[in-house]
Every structure is written in structure tokens, then in C-alpha cells.
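The structure appears right after this line, and notes come after that.
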Amino acid sequence: MSYELSEEHREFRHSVRDFAEAEIAPYAAEWDRKHHFPVETVQKMGKLGLFGLTAPEQYGGAGGDFTSLCVAIEEISRVDQSMGITLEAAVGLGINPILTYGTDEQKQTWLPDLVAGRALAGFGLTEPESGSDAGATKTRAVLDGDEWVIDGAKQFITNSGSTITSLVTVTARTGERADGRPEISTIIVPAGTPGFVAEAQYDKLGWHASDTHPLSFAGCRVPKDNLLGERGRGFAQFLATLDDGRVAIGAVALGCIKACLEMSIQYAGERKTFGVPIGQKQGVAFQISDLKVMADAAELLVYRAAALKDNGAPYQEFKQAAAVAKLYASESAVTATRIATQVFGGYGFMEEYPVTRFYRDAKILEIGEGTSEVQRMLIARGLGLPVE
Amino acid sequence: MKIVVCAKFVPDATADRRFRSEDNTVDRAGVDGLLSELDEYAVEAALTVKENGDAEVTVLTVGPEQAADAVKKGLQMGADAGVHVIDDAIHGSDAVATSLILAKALSKLEADLVVFGMGSTDGGMGVVPAMVAERLGLPAVTLGSEVTVDGTTVKIRRDGDLASDTVEGTLPLVLSVSDQANEPRYPSFKGIMAAKKKPVETWSLADLELSGDQVGQAAAWTEVVEVTARPPRTAGTIVADEDGSGAAQLVEFLSTNKFL
Ligand SMILES: Cc1cc2nc3c(=O)[nH]c(=O)nc-3n(C[C@H](O)[C@H](O)[C@H](O)COP(=O)(O)OP(=O)(O)OC[C@H]3O[C@@H](n4cnc5c(N)ncnc54)[C@H](O)[C@@H]3O)c2cc1C
Ligand SMILES: Cc1cc2nc3c(=O)[nH]c(=O)nc-3n(C[C@H](O)[C@H](O)[C@H](O)COP(=O)(O)OP(=O)(O)OC[C@H]3O[C@@H](n4cnc5c(N)ncnc54)[C@H](O)[C@@H]3O)c2cc1C
Chain E
49 MSYELSEEHR EFRHSVRDFA EAEIAPYAAE WDRKHHFPVE TVQKMGKLGL
99 FGLTAPEQYG GAGGDFTSLC VAIEEISRVD QSMGITLEAA VGLGINPILT
149 YGTDEQKQTW LPDLVAGRAL AGFGLTEPES GSDAGATKTR AVLDGDEWVI
199 DGAKQFITNS GSTITSLVTV TARTGERADG RPEISTIIVP AGTPGFVAEA
249 QYDKLGWHAS DTHPLSFAGC RVPKDNLLGE RGRGFAQFLA TLDDGRVAIG
299 AVALGCIKAC LEMSIQYAGE RKTFGVPIGQ KQGVAFQISD LKVMADAAEL
349 LVYRAAALKD NGAPYQEFKQ AAAVAKLYAS ESAVTATRIA TQVFGGYGFM
399 EEYPVTRFYR DAKILEIGEG TSEVQRMLIA RGLGLPVE
Chain X
72 MKIVVCAKFV PDATADRRFR SEDNTVDRAG VDGLLSELDE YAVEAALTVK
122 ENGDAEVTVL TVGPEQAADA VKKGLQMGAD AGVHVIDDAI HGSDAVATSL
172 ILAKALSKLE ADLVVFGMGS TDGGMGVVPA MVAERLGLPA VTLGSEVTVD
222 GTTVKIRRDG DLASDTVEGT LPLVLSVSDQ ANEPRYPSFK GIMAAKKKPV
272 ETWSLADLEL SGDQVGQAAA WTEVVEVTAR PPRTAGTIVA DEDGSGAAQL
322 VEFLSTNKFL
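Protein sequence lines, in the order shown, are assigned to chains E and X.
Going by our numbering, the first sequence opens with residue 49, and the numbers climb by one from there.
Going by our numbering, the second sequence opens with residue 72, and the numbers climb by one from there.
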């Protein structure tokens, strides 16, 4: 199988790059400084069709492949990780669960606005006491007549409290299975439902322009029909949702690595010490060579995983490739930002250069949508190892 | 309604632009090029008119082989069809000849509304729209910003420094739009995929009933006699304030160079 991008993908990359350079790059530092979530820019990304790349045309999407989405995420992330993750989460965690598990009516109701970027959806899985161990969900939903009554709390939820958030999907215990383990289901909670509150934004290390909130549910009632997918299938559903998300996070990381590479090459050619550009010193140049290796390797892994999905490869093969891509790309991104800030010397610690922002933004890539440890666990399992 | 956008393929201003030493014309063949940014406003204006009514948008370009990229970009943005006039004899054509070729092609296309950019980003004479209108005997409204079409009536707002005026005309009409007219869209993935299936015709001078001696460098009314590269930027002057006379030296520099 070939992982070369097609001519259309390359032309699309060009278009998204033009957009990102003109509409995002000049403002990213200010949004970061002000912790501002730029709704207007999100909507411009919507007009460019980025949120609907993989959605069918009947909901306003482009009916494109997963590779095209990765290209878009990579290019946006190359100039701004916050907007990259906004897109990644909006599609991977917001739109995909509804597209994959929703009824026709749920799709008709929610997808057109989400696909057009007029609205955003959050995906509430993580809780104060349940992250990697997502099965330990404590949030409960009890059926009362024709309504689910939801009580509990979610945390660190992306795109969940913006002015254009139209809904969050949440996982909740809806009962107990025969084997005594909790039955987990997924439920759609429209924004503004009484009893559902998106609390104040977090004060984060990075991703300042991305919208992240704790959510609380107290006697929150939604119609019975807001169940997303099958009752009791919530656990399996979000695991599958996360597999796609991993590749997409790999694309966010890839954008970060490429940005580090480009910034470092430029700076190493300009900055002089001891009368010569620092790029003339092997100590600097060789580190930048390493960035190139990371960029190429991450690119191959991310687009291999995307191609496996697009070509309908056996699920286990895709799942393994997704975990490998996410693990390598995210850990490389953290290393790449460390190298790039080192190349910039003291300026690498000053907010006047974007490299500093990338340094702060990168760390979360090793944590969100499955930590590095979780990826290693998945890979080991895929290898047939009896890992716990 | 049939809208035709005249869009020029120009060398990329951010890349290396140069002249051919043998005939002092712009080197269009060996360089990276693109749809002139100013013509993106024309494409956008046409697409906006189309979205608000019933129209077919054709992108027309005159230029060498790579100029097909300008047509393609227009199609990716959402135009319906493309026409590329290409002929070796066109090389070196001046604005007068360019307008002749465009006018012939526009007649053949039976355009109701012709939309131009305000000027190319290479030649930049800003005269081709008026010349084409003259040749076609059509009214010309230049430097428009907002354009609305209602039946055969076109309303065009033109924004000046002191006032805006709105001009009304009747189709068929020639229009140029300014770079304040709109925000040109970026090609979407859907647009890029759809463009592959859109019809593009390639016409030669013979298809337009023109002969090679009516165009090209030999027929040009003007001639570029000399081309000199802009001298490289000099290093600048650094005033070192070693003895407290720095301020005086700065004032001296500014006044001798008449900056003050
Ligand atoms: C900015 C941001 C945005 C987020 N967006 C969302 C969102 O939109 N939706 C959502 O549901 N969640 C979201 N999350 C949550 C994120 O997915 C979790 O933080 C992540 O999965 C880790 O869970 P945790 O924080 O509970 O860590 P824990 O699970 O408590 O892990 C703590 C440490 O223990 C390690 N560990 C845990 N279990 C094992 C094991 N079995 N073996 C080895 N090591 C282990 C982990 O790798 C980690 O290093 C977001 C988080 C952040 C910071
Ligand atoms: C360096 C240089 C050398 C030149 N050499 C000569 C020379 O030797 N002899 C000579 O007489 N002239 C020469 N010219 C003039 C050149 O031929 C004109 O620039 C050209 O004919 C078109 O005019 P313009 O680009 O200024 O168009 P403008 O009048 O600035 O263009 C206005 C609009 O017309 C449309 N348009 C213009 N050209 C095209 C096209 N090819 N296809 C489709 N639409 C188009 C676009 O909508 C554009 O926005 C030279 C110009 C330059 C810069």
C-alpha cells in the first residue's frame, strides 16, 4: 500500500495552508495570551468545509476520506495547536459519534450545523475519578418515564462550553450488567438543558485558545430518545471513537513537529554566535537533522494509519497502527519542541517567538485521547503480550 | 446569465520573479505561478452573483501552458467551466493585444457579465478591462466593490476615499472589482474534487479568427527597451553612541536624507 498523498490531497493541503497562514497564524499568539477562543475563526474554518470533510453530502459534508481530514488538521496545527485540536475534537469527538451511532433523526437534528462549523459538540468521557480507566464512570443516568435524569460530573471536556456549543455527548452508568459490571451508555445533552452546566474554563499550561471545561449534571433531564447508539454499548462505542481520534491527534503532533523543524532551520540560519550562523555548528545542525527524521517518521505513521482506515483494512491492523502513530508522533512532538526551544536559546523562553507556545502546547499530546502508557498497553495487547 | 471572469496567471510574487534577457518580457514559463491574487476578487464576485441568482460562471485566461493552473484554481473555488487561450504567437503581447484576444473570446462565449480584477499583480496596468469594453462596445464599470444583479440590471457600488457611489447598468456589461470588494474563498476539498470533472476548453488564435501578426511582441504598441534589476539592499548605517554625540548624528542623518 502507498502512503503518498494524491494530487487532490496536495492541492487541498495548499489551500488549507493559505487559509492557516492568513486567517490563523497572525492572531494565534494574541488568542493564546488572552485565552481567547476565536469563534469567528472556527466559523471560517467551517466555511472552508473543514468540519465536514468526512461527513456525507446529505448533511453538507464533502464525503471525503479520513486522509483529507488528517491533512487539514496537520496544516492548521502547523500554525496553531489550539485551532488544530479544536478541529480534531470537533470532528473526531463531536461529529463522529453522532454520525456513527446516531439515528436518522439525531443526525438530521444535529449534523448540519456541526458539519458547517456553525456549532460544536463536546464528548464527555473523562471524569474527576475516571480518565484512563474510563469504565469507572460514576455519572449516572436513570430512566424516569420518558426521560433520562443525569447526575454527575465530567472534566477536561474540549469544545463543551463555547458560545456555539450545541450539545455534549456523555457516557453514564445506566444500570448494571448480569456480570455485575456497570452498564454504560452514551446520551446527547443539548447545551442549555436545565441541570447541565459547563463550568468556568480551565487555566491550562497550553492550548489556551482551545475551549475546555468541567461539566456538571444535577437532575439534568433529557428525552429518552437522546440515547446515542445502543443502551449498554457506551463503552465499546467510545473505544472505537478514540481509535480514529488517535490518528487525528497524531496529525496535530505532526503539524507541531513540522513547525519546529521549519522554525529551527530558519533561526539556525539567521542567528550568529562566534561570527557564524549557529547552523554551522554541528551541535545545532545535528539536532535539526533529528527533527527532520521525526517529521518524516511521524508523517509516514500518521498517513499509514489514515490509509488503512480509508482502505478498509482489518480493524485490529488499523487499531494497532493508530496507537503506534499517536504514541510516536506525540512523544516526538514533545521532543521536537524541546529541541526547537533549545535552538532558539533564551529567545526560546520568550513569548515573542511561537516556538515557546508550541513548547507549552505539546505536552498534552502525550496525555489526551489515551496517554502514552495507554498506547503502549494497547500496542502490547495487539502484539499478543499478556500485559495487564 | 453567463458570467465570464478574466483571470490572469502571474509569477508568484513571493518566489523568484525575473525577465527573459533575450526579449525583456516577463519569464512566465520557468517560474512558479498562480492565479493573480487580485483576480481572486473577481472570481469571488462572480460566485456571489451566482449564489444569489441563476448564472453560469466561466473562467477565461490567456497565457502559456501553466496558466491552466489559474483556470483550475477558479474552478476549485466554484466556477463551472474554463477556457484557456494558448498560442505561441501570444508571447510578448501588450495590453492592447491582450484585450483583443480577450474580446474575441468573450464574444465567442456570449458573455452577459464580464468580471475583471482591478489589475494584474505583474503587468499591473489596470487598463485591460476598459480596453475590452471598448472593443466590445459595452459599458464598463471599474473598481466596483458590491455587485448585485437583478434581471438585466446591475448595481455596482464604488468606494472612493471621500464617498461611495452606486452605478446602475444594463447587461451585457464589463466590470472590474477592487481588492476591497469581498473576501475570496479558499478552495475546499469538495471544490478541489469537483473541479476535476469540470469542462475546460483550450482555444488557439485560429479558434478566435485571429492571426499571429495581430498579437505578440512584434505587434505591440510599446517596447520595453531596457530592464535593470533593482540594486540589492545596502547594509544601512549604524550610529554608535560612544561619546554622547549619537543623538546629534541621528538628527544629522535624518536631515541630510530629507527625512526631517
Ligand atoms: C486539555 C485537555 C482536553 C481534554 N479533552 C477531553 C475531551 O474532550 N473529552 C474527554 O472525555 N476527555 C478529555 N480530556 C481528558 C484526557 O483524555 C485524560 O486526561 C486522559 O485520558 C488521562 O486521564 P486522567 O487525566 O484521568 O489520568 P489518569 O488516568 O489518572 O492517569 C494518571 C497517570 O497514570 C498513568 N496510568 C493510568 N493507568 C495506567 C495503566 N493501566 N498502566 C500504566 N499507566 C497508567 C497514565 O498514563 C498517567 O500517566 C482532556 C484532557 C485535557 C488535559
Ligand atoms: C516587465 C513587463 C514587460 C512587458 N513587456 C511588454 C512589451 O514588451 N511590450 C508591450 O507592449 N507590453 C509589455 N508589457 C505589458 C504586458 O503585456 C501587459 O501587462 C499585459 O498585456 C496585460 O496587461 P496587465 O497585466 O497590465 O493587465 P491589467 O490591465 O493590469 O489587468 C486587469 C485585468 O485584466 C485581466 N487580464 C489581464 N491579462 C489577462 C490575461 N492574460 N488573461 C486573462 N485576463 C487577463 C485580469 O482580470 C486583470 O485583473 C510588459 C509588462 C511588464 C510588466
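For every residue, glycine included, the Cβ atom is placed at its ideal position computed from N, Cα and C.
Selected residue, minimal CA-CA separation from residue i, among the options
i: E/PRO271; options: E/ASN207, E/ILE198, E/GLY280; result: E/ILE198
i: E/ALA73; options: E/LEU117, E/LEU141, E/GLU123; result: E/GLU123
i: X/SER247; options: X/SER191, X/ALA300, X/LYS269, X/LEU276; result: X/SER191
i: X/ALA289; options: X/ASP83, X/VAL167, X/LEU106, X/CYS77; result: X/VAL167
i: X/ALA211; options: X/GLU217, X/GLY197, X/ASN328, X/LEU244; result: X/LEU244
i: E/MET93; options: E/SER180, E/ALA70, E/ALA333, E/ILE297; result: E/ALA70
i: X/SER107; options: X/ASN95, X/ASP125, X/ASP140; result: X/ASP140
i: X/GLY145; options: X/LYS267, X/ASP193, X/VAL296, X/VAL298; result: X/LYS267
i: E/THR241; options: E/LEU309, E/PHE334, E/ALA266, E/GLY254; result: E/ALA266
i: X/GLN147; options: E/ALA68, E/GLN106, E/VAL64, E/ASP181; result: E/VAL64
i: E/LEU276; options: E/ASN144, E/GLY327, E/LYS340, E/ALA68; result: E/ASN144
i: E/SER116; options: E/ARG81, E/GLU52, E/PRO362, E/GLN129; result: E/GLU52
i: X/ALA182; options: X/MET72, X/LYS329, X/GLU115; result: X/MET72
i: E/ALA246; options: E/GLU414, E/THR211, E/ALA370, E/PHE99; result: E/THR211
i: E/ARG269; options: E/VAL218, E/LEU302, E/GLN129, E/THR260; result: E/VAL218
i: E/LYS95; options: E/PRO160, E/SER208, E/ARG429, E/CYS118; result: E/PRO160
i: E/ARG166; options: E/THR260, E/ALA288, E/THR289, E/GLY97; result: E/GLY97
i: X/GLU297; options: X/ASP236, X/SER92, X/PRO82; result: X/SER92
i: E/THR148; options: E/ALA345, E/VAL127, E/ASP192, E/THR102; result: E/THR102
i: E/ALA248; options: E/ALA137, E/LEU263, E/ASP358; result: E/LEU263
i: E/GLU55; options: X/HIS162, X/LEU109, X/MET264; result: X/MET264
i: E/ALA386; options: E/GLN368, E/SER420, E/MET342; result: In the sequence on display, residue 386 of chain E carries Arg and not Ala. Nearest C-alpha to E/ARG386: E/MET342.
i: X/PHE324; options: X/ASP221, X/GLY315, X/GLY195, X/ILE309; result: X/ILE309
Residues bridged to residue i [DSSP beta-bridge criterion]
i: X/LYS73; result: X/GLU127
i: X/LYS226; result: X/THR219, X/GLU239
i: X/TRP274; result: X/VAL156
i: E/ASP128; result: In DSSP, E/ASP128 forms no bridge with anything.
i: X/PHE187; result: X/SER247
Contact test: residue i Cβ vs ligand 1 heavy atom, cutoff 6 Å
i: E/ILE427; result: no
i: E/PHE334; result: no
i: E/SER264; result: no
i: E/GLY179; result: yes
i: E/ILE205; result: yes
i: E/LEU173; result: yes
i: E/ILE235; result: no
i: E/GLY416; result: yes
i: E/GLU421; result: yes
i: E/THR213; result: no
i: E/THR260; result: yes
i: E/ILE412; result: yes
Cβ shell of residue i (< 7 Å), same chain only, five flanking positions each side left out
i: E/SER251; result: For the record, residue 251 of chain E in the displayed sequence is Asp; it is not Ser. Once the five neighbours on either side are set aside, E/ASP251 has no close Cβ partner at all.
i: X/PRO270; result: ALA152
i: E/GLY323; result: none
i: E/LEU215; result: TRP158, ALA169, ILE236, VAL237, PRO238, ALA239
i: E/ILE412; result: GLY254, TRP255
i: E/VAL332; result: ALA316, ILE326, VAL391
i: X/GLY104; result: PHE80, VAL81, PRO82, ASP83, GLN137, ASP140
Residues near residue i by beta carbon distance below 6 Å, same chain, minus five either side
i: E/ALA373; result: VAL295, GLY298, LEU349, VAL350, ALA353
i: X/ILE74; result: ALA117, ALA126, VAL128, LEU184
i: X/ILE227; result: VAL212, GLY215, VAL218, VAL238
i: E/PRO325; result: GLY317
i: X/LEU280; result: Before going further, note that residue 280 of chain X is Glu rather than Leu in the sequence given. Excluding positions up to five away in sequence, the list is empty.
i: E/LYS329; result: none
Cβ-heavy atom distance, residue i to ligand 4, below 6 Å
i: E/SER258; result: Among the ligands present in this structure, namely ligand 1 and ligand 2, ligand 4 is not found.
Chain C within 7 Å of residue i, Cβ atoms only
i: E/SER63; result: This model lacks chain C altogether, as its protein chains are E and X.
I want to know whether the stretch 139-155 of chain X touches the stretch 283-299 of chain X - three or more CB-CB distances under 8 Å. no
On the three-pair Cβ rule with 8 Å, is the stretch 144-157 of chain E touching the stretch 110-119 of chain E? no
Stretch-stretch touch, CB-based, cutoff 8 Å, three pairs: the stretch 309-328 of chain E with the stretch 375-383 of chain E: no
Does the pairing of the stretch 279-292 of chain E with the stretch 221-241 of chain E give three or more beta-carbon distances under 8 Å? yes
Quick one: any contact between the stretch 400-408 of chain E and the stretch 423-436 of chain E, if contact means 3 or more CB pairs under 8 Å? no
Check whether the stretch 84-92 of chain X touches the stretch 392-400 of chain E, counting contact only when three or more Cβ pairs, one atom from each stretch, lie closer than 8 Å. no
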